[in-house]
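J.:
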Amino acid sequence: PSPCSNPSSPPVSKLVAMAADSSSPEVAEAATEEPSIRGFEQLDKWKRCERDVGSCFVFQHNKTRAENQGFPSVMDVGKNVGLTEHEVAALFGWTTGDFRLINPIARGQDEVEFEDYPEGKLAKCRLSRAEVLPYIEVISSALMKLPPVSPQQRLY
15 PSPCSNPSSP PVSKLVAMAA DSSSPEVAEA ATEEPSIRGF EQLDKWKRCE
65 RDVGSCFVFQ HNKTRAENQG FPSVMDVGKN VGLTEHEVAA LFGWTTGDFR
115 LINPIARGQD EVEFEDYPEG KLAKCRLSRA EVLPYIEVIS SALMKLPPVS
165 PQQRLY
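Our numbering runs 14 ahead of the 1-based position in the sequence shown.
Below, the structure is given as structure tokens:
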């Protein structure tokens, strides 16, 4: 797959609350079922951009980034708390830019339009609910596995 670019991320939003409070039966159901690993692995976020920009498979891209960031790596830290590599990649991608395509679908939209920067050039892309839902399922699975945060622990 082509390398993907992600803009710097704003503070992490609250997908847990969105998934739990969503009126969408698909999102609520996703939180209780085994996530669609294959669908997540095959998600190409550049699949339907306004111009041909190649491919960006979010799982592989974010897995590689998580394995190469930090010491110990983000991937190692995630695995040490019981997450799979898919779950670590999903959380990493969501919190570092993919919130732009995840959050609208998690809130119930049927399609999302977002901007990305393949090779540093702006491209407007769109994805359907069916394409993004496996990503949300893996995020939801990961969030349920995370250990509770103590009241004294800072989240930022």
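Yeah, the Cβ is synthetic: ideal placement off N, Cα and C, and Gly gets one too.
In this text the structure is predicted, and so the values were computed from the model without any measurement.
1. Does the Cβ-Cβ distance between Val102 and Pro161 come in under 8 Å?
2. Can you find the residues in the same chain that come closer than 8 Å, C-beta to C-beta, to Lys159, ignoring five residues on each side of it along the sequence?
3. Helix, strand or coil, according to DSSP, for Lys138 in the structure here?
4. State buried or exposed for Gly134, treating a residue as buried only when at least 16 other CB atoms are found within 10 Å of its CB.
5. So is Lys138 buried or exposed if we call it buried at 16+ other beta carbons inside 10 Å?
6. How far does the beta strand (DSSP E) with Phe106 in it extend, from its first residue to its last?
7. Need the endpoints of the beta strand (DSSP E) that Val126 sits in, please.
8. Can you give me the start and stop residues for the alpha helix (DSSP H) that Thr78 sits inside?
9. In chain order, what residues of the same chain have a beta carbon less than 8 Å from the beta carbon of Glu129, not counting five sequence neighbours either side?
10. Just to confirm, is the Cβ distance from Glu125 to Ser50 under 8 Å?
11. Under 8 Å by Cβ, that's how I've got Asn76 and Gly107 pegged, so tell me the actual separation to the nearest angstrom.
12. Note down the Cα distance separating Glu145 from Val88, rounded to an integer number of angstroms.
13. Can you name the start and end residues of the alpha helix (DSSP H) that Pro86 belongs to?
14. Give me whichever residues DSSP pairs with Asp66 in a beta bridge.
T.: With the structure as the only source:
1. Here residue 102 refers to the residue found at position 88 of the sequence shown. Here residue 161 refers to the residue found at position 147 of the sequence shown. In this structure, Val102 sits away from Pro161, with a CB-CB distance that is not shorter than 8 Å.
2. Taking the first residue of the sequence shown as 1, we reach residue 159 at position 145. The answer, listed in chain order, is Val95, Gly96, Leu97, Glu101.
3. Your numbering for residue 138 matches position 124 in the sequence shown. For Lys138, the three-state secondary structure derived from DSSP is strand.
4. On the sequence shown, residue 134 is found 120 positions in, with the first residue counted as 1. Exposed: under 16 other Cβ atoms inside 10 Å.
5. Residue numbering aside, residue 138 sits at position 124 when the sequence shown is read from its first letter. Lys138 should be labelled exposed.
6. Reading the sequence shown from its first residue, position 92 is the one you call residue 106. Run containing Phe106: none in the beta strand (DSSP E); it sits in the alpha helix (DSSP H), 99 to 107.
7. Within the sequence shown, residue 126 is the residue found at index 112, counting from 1. Per DSSP, Val126 belongs to the beta strand (DSSP E) from 125 to 130.
8. In the sequence shown, counting from the first residue as 1, residue 78 sits at position 64. That run of the alpha helix (DSSP H) goes 72 to 81.
9. Locating residue 129 in the sequence shown gives position 115, counting from the first residue. Cβ neighbours of Glu129 beyond the five flanking positions: Arg114, Leu136, Ala137, Lys138, Cys139.
10. The count along the sequence shown starts at 1 and reaches residue 125 at position 111. The count along the sequence shown starts at 1 and reaches residue 50 at position 36. Their beta carbons are not under 8 Å apart, which means Glu125 does not touch Ser50 by this criterion.
11. Along the sequence shown, one-based indexing puts residue 76 at 62. Along the sequence shown, one-based indexing puts residue 107 at 93. Confirmed, Cβ separation roughly 4 Å.
12. Here residue 145 is taken as the residue at index 131 of the sequence shown, counted from 1. Here residue 88 is taken as the residue at index 74 of the sequence shown, counted from 1. C-alpha of Glu145 to C-alpha of Val88: approximately 26 Å in a straight line.
13. Here residue 86 corresponds to residue number 72 of the sequence shown, with the count starting at 1. From DSSP, Pro86 is part of no alpha helix (DSSP H); its letter is neither H nor E.
14. As a working note, residue 66 is residue 52 in the sequence shown. Answer is none; Asp66 lacks a bridge partner.
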